[in-house]
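Down below is the structure, laid out as structure tokens.
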Ligand code: SF4
Ligand code: SF4
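Numbering (this note's numbering), first residue to last: 20 to 172.
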């Protein structure tokens with residue numbers, strides 16, 4: 020049976036509402052997959068980058084090795100998302116375990132929302148509250164449709 024939008028939203032969004040599916044660290048996310056595609060399309064560009072820097076007098080090509088290294092890093096993303104493992108970015112996050120204890124899929128479904136138990140810094144806390152207020156207003160399915168193709172950053 021096909022997954023419902025709600026089930027997909029639950030796989031891709033953390034209980035805090037942040038979009039794991041668009042995180043650079045998400046295995047099989049756009050950033051990971053597109054980085055691998057770009058590495059593949061670039062082939063042996065490192066040889067040409069050195070030549071182009073010289074032939075064209077464009078020193079920007081000398082930055083290619085760092086760019087390639089970073090693409091390689093993005094392409095080896097391994098996180099399965101915060102429903103399945105501890106977040107690598109927000110190590111102090113308490114939302115996942117708390118939401119499991121409260122038996123809610125998303126924080127806005129909790130009687131205590133907005134609470135002071137997230138462990139987030141100010142920036143992430145504001146984002147989490149904004150996302151959950153929006154989900155509460157339009158529903159999880161509509162919220163997921165709204166953000167599913169948007170960059171997270
Ligand atoms: S759990 Fe954290 S590191 Fe993993 S995909 Fe989600 S936001 Fe990114
Ligand atoms: S107590 Fe706070 S962190 Fe825990 S589920 Fe409720 S709103 Fe989310």
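We put the CB at the ideal spot given by N, CA and C, even for glycine.
Item to check | Option nearest residue 50 by Cα separation, candidates 103, 89, 135 | outcome: For residue 50, the nearest C-alpha among the options comes from 89.
Item to check | Where residue 108 falls: helix, strand or coil (DSSP) | outcome: The answer is coil: DSSP assigns residue 108 none of H, G, I, E or B.
Checklist entry - Between the Cα of residue 94 and the Cα atoms of 75, 52, 109, which residue gives the shortest distance? => result It is 52.
Checklist entry - Where do the ends of the alpha helix (DSSP H) carrying residue 166 lie? => result That run of the alpha helix (DSSP H) goes 159-166.
Checklist entry - What are the boundary residues of the alpha helix (DSSP H) that includes residue 123? => result Note, residue 123: premise wrong, no alpha helix (DSSP H); not H, not E.
Next on the checklist: So if I measure from each beta-carbon to every heavy atom of ligand 1 and keep distances below 7 angstroms, which residues remain?
Outcome noted: Spelled out in chain order, the answer is 33, 37, 39, 42, 44, 45, 98, 100, 101, 104, 106, 107, 108, 109.
Item to check | residue 139 (DSSP reduced to helix, strand or coil) | outcome: If DSSP states are grouped into helix, strand and coil, residue 139 belongs with coil.
Next on the checklist: Measuring straight from C-alpha to C-alpha, what distance separates residue 41 and residue 98?
Outcome noted: Rounded to the nearest angstrom, the two C-alpha atoms are 11 angstroms apart.
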